[in-house]
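Residue numbers for the sequence shown follow the numbering used here, so the first one is 5 and each next one is one higher.
Quick notes on the structure that follows.
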Amino acid sequence: MALIVYGANVSPFVRKVRVVLAEKGQDYKLEQVSPFSPPPEFLAISPLKRIPVLRDTDLPEPNTLPDSSAIADYLEHKFPKPALYPSEPFPRARAIFYEEYADTLLAQTLGPGVFFERIVKKMLRQQPDEAAVAAVLRDKIPPIFDFLEKEIGTKHVFVGDMFSIADVSMGSMFVNFEHAGETVDAKRWPNLARYVAAIHARPSFKALIDEERPICERMRAA
Ligand SMILES: N[C@@H](CCC(=O)N[C@@H](CS)C(=O)NCC(=O)O)C(=O)O
């Protein structure tokens, strides 16, 4: 198989790449790498010590590419159909901005604030700090969800009328929120809740969510 994704199933950044590959109908092999105990050969191909990394064995070495955003851009050019980036300059840049918003503020808030506490800490045999999670849910998440509620409005995707890299990234971060036992409150953020549910129902997302759920349950039960 020409494409290898190195990473762990429940990483939202690994999921981003896997959703892009699924949307583009591309086969790949997932090679499990934990960011907590990466083997030396992985560190050699991941200068930032992060997952995911993609390898394209159709290319001569060095044929590895770190970072989900760099990988998504590569896959878009290698497999242009179906497009996941708008073709016009401004919408394309807007999609990249939403991807960045999801990959930074949203990921940092839902990831360490909720998923890490409830799932990863259990796997590491540490006690989740539920008071810290409650503070994140009360103080940090509402302004972010308010912004996203306003941005998505009654639309079904973030940019124009095409499912794009913006939706791949947004949807991916919300999967970890749900794995951690939370959902977007539909009374407070009805548009965002509707949007997230619809994105997660896409076959590309649903297959991964179904695959990951038992893994998260095992991590939680550790
Ligand atoms: N900008 C990177 C972020 C990747 C990332 O933060 N991955 C996490 C796992 S979800 C990781 O490898 N963390 C290990 C660490 O920070 O040491 C991307 O888009 O791929």
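The C-beta atom is built at its ideal place from N, Cα and C for all residues, glycine as well.
Of the heavy atoms belonging to ligand 1, at least one sits nearer than 6 Å to the Cβ of Ser-72. Below 8 Å, too few C-beta pairs join the region 177-187 and the region 160-169 to call them touching: fewer than three.
By DSSP's assignment, Gln-131 forms no beta bridge with any residue. Rounded to the nearest whole angstrom, the CA to CA distance from Val-137 to Val-118 is 6 Å. Remark: the C-beta of Ser-38 is outside contact range of ligand 1, defined as less than 6 Å to any heavy atom.
Relative to ligand 1, the beta carbon of Ser-176 is positioned no closer than 6 Å to any heavy atom. Judged by DSSP in its simplified three-state form, Thr-158 adopts coil rather than helix or strand. Under the DSSP definition of a beta bridge, Pro-70 partners with Val-57. For Ile-8, the secondary structure class from DSSP, reduced to helix, strand or coil, is strand. In the three-state scheme derived from DSSP, where H, G and I count as helix and E and B as strand, Glu-153 is classed as helix. At least 7 Å separates the beta-carbon of Tyr-89 from that of Arg-98. Relative to ligand 1, even the nearest heavy atom lies 6 Å or more away from the CB of Ile-219. Pro-218 sits exposed, since fewer than 16 C-beta atoms from the chains shown fall within 10 Å of its C-beta. When only Cα atoms are considered, Phe-149 and Trp-193 end up about 7 Å apart. Taking a contact to require three or more Cβ pairs closer than 8 Å, the region 45-57 and the region 103-123 do not qualify as touching. In this structure, DSSP gives Gln-36 an extended state, which the three-state scheme calls strand.
Buried is the label assigned to Ala-26, since at least 16 other Cβ atoms lie within 10 Å of its Cβ. Per DSSP, Ser-208 is one residue of the alpha helix (DSSP H) stretching across 207-225.
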